[in-house]
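Engineer: This is the structure, below, for whatever I ask next.
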Amino acid sequence: MNTDADTLTAFRQEVIAWLADNIPEDPGFLLPLTFMEVGTEEQLEFLIAWQRKVYDAGYLGMAWPEAYGGRGMPQVYQDIVDEELMNHKAPIIFNTIGLGWAGPLILQLGTEAEKQKYIKGILTGDDIWCQGFSEPDHGSDLGNAQTRAVRDGDDYVINGSKIWTTHGTYAKYMILLARTNPEAQSKYAGLSFFLSPMDVPGISTSPIRKITGEYGFAQTFFDDARIPANCLMGNEGDGWKLAMQTLQYERSVDGGQASTYKITSMTSADLIETCRTIQRDGKPLLDDPIVQDQLVQFIMEERNLLLNQKRSSIQDLCTDYPLSLMLSGKLEATELFRRMRQYAVSLQGAKGGLYIHDNDALDGGIWQHAYFNNFSATIGGGTSQVQTNIIAEHALGLPK
Amino acid sequence: MNFGQQARNHKVDSLNFSEEQKMILESARSFCEDTSSIEQVRELLDSSRGYEESVWAQLVELGWTGIAVPERFGGSELGIETVVPIVESMGRSLSATPFISCTLSAQILLQAGSTDQQQRWLPRIVEGQIATVALLDNEDWGAFSTTQELNDELVLKGEKWFVDDAVSAELFIVLTQYQGNARFVMVTRNQLEEGAVQAHALIDETKRSARVDFTGVSVSAEAILVAEDTSEILNDIKLIGALLTAAEAVGATSSCLNLMVEYLNTRKQFGKLIGSYQALKHPCVDILTKLEGARSQVYHAATLFEEGQGKMDRDLEVACRMAKASANDALLMAGDRAVQFHGGMGFTYECDAQLYIRRAQWSQQQFGESAHHRKRLAPLLLSL
Ligand SMILES: Cc1cc2nc3c(=O)[nH]c(=O)nc-3n(C[C@H](O)[C@H](O)[C@H](O)COP(=O)(O)OP(=O)(O)OC[C@H]3O[C@@H](n4cnc5c(N)ncnc54)[C@H](O)[C@@H]3O)c2cc1C
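Keeping their order, the protein sequence lines are chains A and B.
FYI, this note's numbering numbers position 105 of the first sequence as 105, with every residue one higher than the one before it.
FYI, this note's numbering numbers position 346 of the second sequence as 746, with every residue one higher than the one before it.
Structure below.
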């Protein structure tokens with residue numbers, strides 16, 4: 001497949017033209033900025049339809065094998081699509097746990113039967129996926145997960161509870177980390193990994209209200225739930241390895257996602273617009289040198305992210321701490337965006353005290369909402385503090 | 401609301417690393433490791449020149465003094481993008497040579513000199529004569545005018561501050577006021593009065609800089625570089641200076657971080673390696689983050705130099721300023737925390753942390769501290 005510059009430029013133009021014709025109109029309700037914010041039926045239906053439309057146009061899973069519903073093209077095509085989706089602030093492609101984590105994992109390590117069974121539905125959006133890793137008592141210390149899976153004939157019987165399950169109430173499948181052997185040599189060795197159906201007796205979910213006031217994630221309960229034994233991925237005891245590989249995808253350490261467009265960013269460009277809008281002493285806030293200085297600092301950090309990403313593919317410039325750029329992307333990006341959003345709220349004067357339900361809120365309270373929601377990224381997928389430990393230990397070689 | 405679309409300027413993330421740069425980085429790193437161990441750095445602290453003449457001779461032999469000079473003047477006609485890995489390596493080993501001074505002098509000659517003037521001076525720099533630039537009248541890197549004067553009889557009046565490597569320099573390029581314009585004029589060492597060079601007592605004892613009084617030096621008309629409008633050239637030179645200092649600071653930051661990590665991996669308190677305490681380990685990650693960002697910025701600027709063949713434009717100016725501001729912040733934090741994380745040992749002259757905290761204070765001021773650059777970035781980035 002051709003990847004010369006002219007072909008790619010032409011392709012980009014094609015994508016831009018398609019987006020111009022196909023990005024849905026404002027539905028009149030708040031659209032989630034991230035896949036973790038889907039909280040109502042109308043949002044869900046809207047996003048399923050949108051994902052389907054993108055898939056049918058050939059713009060999703062472009063680099064996944066044709067045999068399973070992908071398009072078998074070079075990754076750069078999907079990258080272009082993702083970039084343009086972002087540039088156009090299109091609605092997100094929401095089935096992230098399937099498209100971004102479970103899908104690549106199955107393609108990398110799954111059996112032929114698993115690929116045949118799961119991949120297409122992930123792409124079309126027919127099958128929504130969720131992730132059952134965290135438990136009420138074991139979050140950062142994921143290796144200690146205690147949800148039990150006991151083999152019984154052709155089934156595994158699951159007991160326990162998972163929590164913070166994003167898309168838990170909608171999902172058809174779950175990637176589930178459960179303990180098959182409590183007596184194993186180490187806590188890690190006793191874990192196994194399942195591609196579990198959600199619609200079996202004994203599995204129930206209960207929505208949890210979020211900091212934003214909305215719903216979105218859930219607690220999942222397993223009460224003698226029987227799932228077929230062939231839901232086990234790999235062998236018993238492979239759970240930790242597979243969970244870690246999942247996290248590599250989740251934290252974007254590894255590529256291979258069907259699409260990486262899971263978040264509509266609020267960038268420094270948006271922050272600048274906000275500073276242009278807000279008036280103080282008859283002048284735009286953007287004229288204030290103190291504000292300018294803070295904006296410049298944000299822009300510099302934002303550019304660091306871009307440049308670090310570029311540099312991470314130039315090995316000769318990564319010899320000092322070979323793992324550092326790869327491991328730190330999530331931490332840096334999510335923390336930067338948290339600070340930018342917090343700052344945007346601080347600029348609003350008394351209006352910074354208004355929330356999304358107030359008609360007078362600046363831009364519908366989008367910064368307030370985005371600030372709160374940003375914690376999903378600094379906590380989910382490994383908290384910033386835990387990420388910092390990982391970087392310290394693995395990139396710098398500091399002791400545990 | 402109508403949020404602005406992401407700026408889709410593909411130059412903002414240009415970052416390449418050529419085979420040439422790679423080879424230069426490798427040889428510069430090993431050269432600096434060989435010639436500038438920390439013991440050697442310490443031995444030179446109270447020498448007058450601050451560097452070993454034999455080391456300088458080897459460096460000249462390697463062709464680095466001519467690396468960004470056209471072939472017709474004896475150089476290898478590569479760009480500033482190849483100077484960057486050399487300076488970074490020097491910073492890493494805290495090696496202090498007049499290399500940056502010579503590089504900047506050559507760049508001024510290339511931009512402001514006539515062919516004759518270039519022909520006359522550049523080969524001397526390539527061959528290893530030490531040259532330096534005398535830009536400042538005082539401590540202000542933001543100044544564009546000078547009170548230094550060249551009168552109609554072609555006699556200079558006034559002194560210059562922070563003339564780096566003045567103690568060893570044979571050639572000085574002096575920014576002076578001549579017939580209403582700021583101009584560059586060449587002065588050679590033998591034209592200076594006895595006692596004209598007064599070394600500054602620098603906070604960074606690896607570096608050398610001085611006050612130089614040029615009063616009474618009379619120059620020939622040919623010594624005045626032909627460029628009459630120097631403000632753009634001066635701006636360019638300061639930006640190149642900022643970038644090179646940033647590259648040097650990035651190198652120093654990484655060896656400072658290594659020093660810290662090493663100590664955190666050996667020193668025990670309360671029965672544990674101190675590196676296992678998050679109060680120490682997390683700031684090290686912050687330093688790493690700042691370092692990585694600054695290094696990306698530096699090589700991004702280098703890339704733009706290559707792409708634009710040295711022509712300074714808005715993107716390159718932004719890149720140089722960001723590189724300097726980022727590198728300042730990285731080295732400042734590294735030097736500061738390196739002292740603290742060594743405890744009582746960190747407060748001693750013997751601990752190498754002092755070399756880095758001192759370098760950080762010096763380096764941040766060279767060609768402008770972070771706020772200086774952010775202030776100038778604001779109009780460039782915010783379309784004010
Ligand atoms: C919006 C959202 C969506 C999520 N979606 C999912 C999902 O779909 N599936 C799923 O399985 N999980 C999901 N999670 C869970 C997420 O992965 C966990 O919340 C996270 O790993 C932290 O675990 P915890 O909540 O138990 O916090 P804890 O581990 O109890 O942490 C509490 C605090 O202690 C700190 N801490 C813990 N250990 C250390 C340490 N060693 N060093 C320093 N500080 C430490 C943490 O940083 C945190 O600040 C989601 C979370 C959020 C917020």
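Virtual Cβ for every residue (Gly too), placed ideally from N, Cα, C.
Let me check you understand the geometry: is the CB of A:Gly-382 closer than 7 angstroms to at least one non-hydrogen atom of ligand 1?
Structural biologist: Yes, the Cβ of A:Gly-382 comes within 7 angstroms of a heavy atom of ligand 1.
Engineer: Determine the contact status of B:Ser-501 and B:Asp-604, defining contact as a CB-CB distance below 8 angstroms.
Structural biologist: Result no, Cβ atoms of B:Ser-501 and B:Asp-604 do not sit closer than 8 angstroms.
Engineer: I want to verify the contact list: residues of chain A whose CB lies under 8 angstroms from the CB of B:Lys-422, in sequence order.
Structural biologist: Those within 8 angstroms of B:Lys-422 in chain A are Asp-316.
Engineer: Whole angstroms are fine: how far does the CA of B:Leu-691 sit from the CA of A:Gln-13?
Structural biologist: Approximately 37 angstroms, taken between the alpha carbons.
Engineer: For B:Asp-537, which of B:Ala-649, B:Phe-614 and B:Val-739 has the nearest alpha-carbon?
Structural biologist: If we check each option's Cα against that of B:Asp-537, B:Phe-614 comes out closest.
Engineer: Determine which residues of the segment 643–677 of chain B have a Cβ less than 7 angstroms from any Cβ of chain A, and write them out in chain order.
Structural biologist: Within the segment 643–677 of chain B, the qualifying residues are Ser-654, Val-661, Leu-664, Asn-665, Leu-673, Gly-675 and Ser-676.
Engineer: Per DSSP, what kind of secondary structure is A:Gln-131 in: helix, strand or coil?
Structural biologist: A:Gln-131 falls in the strand class under three-state DSSP.
Engineer: From the beta carbon of A:Ala-259, is the nearest beta carbon of chain B less than 8 angstroms away?
Structural biologist: Residue identity differs from the one stated: residue 259 of chain A is Ser in this sequence, not Ala. With 8 angstroms as the cut-off, A:Ser-259 does not count as an interface residue toward chain B.
Engineer: What is the rounded straight-line gap between the Cα of B:Leu-659 and the Cα of A:Phe-221?
Structural biologist: Rounded to the nearest angstrom, the two C-alpha atoms are 50 angstroms apart.
Engineer: Any chance the CB of A:Ile-299 is under 7 angstroms from a heavy atom of ligand 1?
Structural biologist: No - ligand 1 has no heavy atom lying nearer than 7 angstroms to the Cβ of A:Ile-299.
Engineer: With DSSP as the reference, label A:Met-266 as helix, strand or coil.
Structural biologist: Three-state result, A:Met-266: coil.
Engineer: So for A:Asp-141, helix, strand or coil by DSSP?
Structural biologist: The answer is coil: DSSP assigns A:Asp-141 none of H, G, I, E or B.
Engineer: Answer with buried or exposed for B:Asp-729, where buried requires no fewer than 16 other C-beta atoms within 10 angstroms of its C-beta.
Structural biologist: Classification of B:Asp-729: buried, given that the 10 Å Cβ count is 16 or more.
Engineer: Relative to the C-alpha of B:Leu-704, which residue among B:Val-484, B:Leu-459, B:Gly-513 and B:Gln-440 is closest?
Structural biologist: That would be B:Val-484, whose Cα lies nearest to the Cα of B:Leu-704.
Engineer: Assuming A:Glu-135 and A:Ile-163 form a contact by the criterion Cβ under 8 angstroms, report the distance between their Cβ atoms to the nearest whole angstrom.
Structural biologist: About 6 angstroms; that satisfies the 8 angstroms criterion.
Engineer: So who's on the other strand from B:Asp-564, going by DSSP bridges?
Structural biologist: Beta-bridge pairing links B:Asp-564 to B:Ser-609.
Engineer: Using a Cβ-Cβ cut-off of less than 7 angstroms, list which residues of the segment 711–727 of chain B approach chain A; keep chain order.
Structural biologist: Result list: Met-722, Ala-725 and Ser-726.
Engineer: Please confirm if A:Pro-65 has its CB atom under 8 angstroms from at least one CB of chain B.
Structural biologist: So, not an interface residue.
Engineer: Determine the direct distance from the alpha carbon of B:Glu-488 to that of A:Tyr-321, and round the result to whole angstroms.
Structural biologist: When rounded, the distance between both Cα atoms is 16 angstroms.
Engineer: Assign A:Ala-178 to buried or exposed, taking buried as 16 or more other Cβ atoms, counted over all protein chains shown, within 10 Å of its Cβ.
Structural biologist: Classification of A:Ala-178: buried, given that the 10 Å Cβ count is 16 or more.
Engineer: Any heavy atom of ligand 1 closer than 7 angstroms to the CB of A:Ile-379?
Structural biologist: Within the cutoff, so yes.
Engineer: Over the uninterrupted alpha helix (DSSP H) stretch that includes B:Ala-730, give me the two end residues.
Structural biologist: Its alpha helix (DSSP H) spans residues 714–741.
Engineer: Less than 6 angstroms between C-beta atoms, sequence neighbours within five positions excluded: which residues of the same chain meet that for B:Ala-512?
Structural biologist: The residues are Phe-584, Leu-625, Ala-627 and Ile-633.
Engineer: Hey, out of A:Cys-130, A:Trp-367 and A:Glu-302, whose CA is closest to A:Ser-346's CA?
Structural biologist: For the residues A:Cys-130, A:Trp-367 and A:Glu-302, the minimum Cα distance to A:Ser-346 belongs to A:Trp-367.
Engineer: Under 7 angstroms: does the beta carbon of A:Trp-403 sit that close to some heavy atom of ligand 1?
Structural biologist: Only positions 1 to 400 of chain A appear in the structure, and residue 403 of chain A is not among them; the question remains open.
Engineer: Would you please state the rounded distance, in angstroms, between the beta carbons of B:Val-698 and B:Leu-643? I believe it to be under 8 angstroms.
Structural biologist: With 8 angstroms as the limit, B:Val-698 and B:Leu-643 qualify as a contact, their Cβ atoms being about 7 angstroms apart.
Engineer: Would you mind sorting B:Asp-636 into buried or exposed? The rule is 16 or more other CB atoms within 10 Å of its CB.
Structural biologist: By the neighbour-count rule (16 or more Cβ atoms within 10 Å), B:Asp-636 is buried.
Engineer: Could you check whether A:Ala-392 and B:Val-685 sit closer than 8 angstroms to each other, using their CB atoms as the reference points?
Structural biologist: Yes; because the gap between Cβ atoms is below 8 angstroms, this pair is in contact.
Engineer: Quick check on A:Asn-84: buried or exposed, where buried means 16 or more other Cβ atoms within 10 Å of its Cβ?
Structural biologist: The identity of residue 84 of chain A in the sequence shown is Glu, whereas the question assumes Asn. Buried: at least 16 other Cβ atoms inside 10 Å.
Engineer: Look at the Cβ atom of B:Thr-653, then the Cβ atom of B:Ala-734, and state whether they are nearer than 8 angstroms.
Structural biologist: In contact: B:Thr-653 and B:Ala-734 (Cβ atoms closer than 8 angstroms).
Engineer: Distance cutoff 8 angstroms, beta carbons only. Does A:Val-76 sit that close to anything in chain B?
Structural biologist: No, its Cβ sits nowhere closer than 8 angstroms to a Cβ of chain B.
Engineer: Give me the chain B residues within the contact set of A:Tyr-321, using Cβ-Cβ distance strictly less than 8 angstroms, ordered along the chain.
Structural biologist: Simply Leu-688 and Glu-692.
Engineer: DSSP has B:Ala-760 in a bridge; who is on the other side?
Structural biologist: DSSP lists no partner for B:Ala-760.
Engineer: Taking buried to mean at least 16 other C-beta atoms within 10 Å of its own C-beta, is A:Gly-100 buried or exposed?
Structural biologist: So A:Gly-100 ends up on the buried side.
Engineer: Just the Cα atoms here: how many angstroms apart are B:Phe-687 and B:Glu-443?
Structural biologist: One point to set straight first is that residue 687 of chain B is Ile, not Phe, in the sequence displayed. C-alpha separation (whole angstroms): 28 angstroms.
Engineer: When the Cα atoms are used, what is the spatial distance from B:Lys-557 to B:Val-587?
Structural biologist: In a straight line, the C-alpha of B:Lys-557 is about 13 angstroms away from that of B:Val-587.
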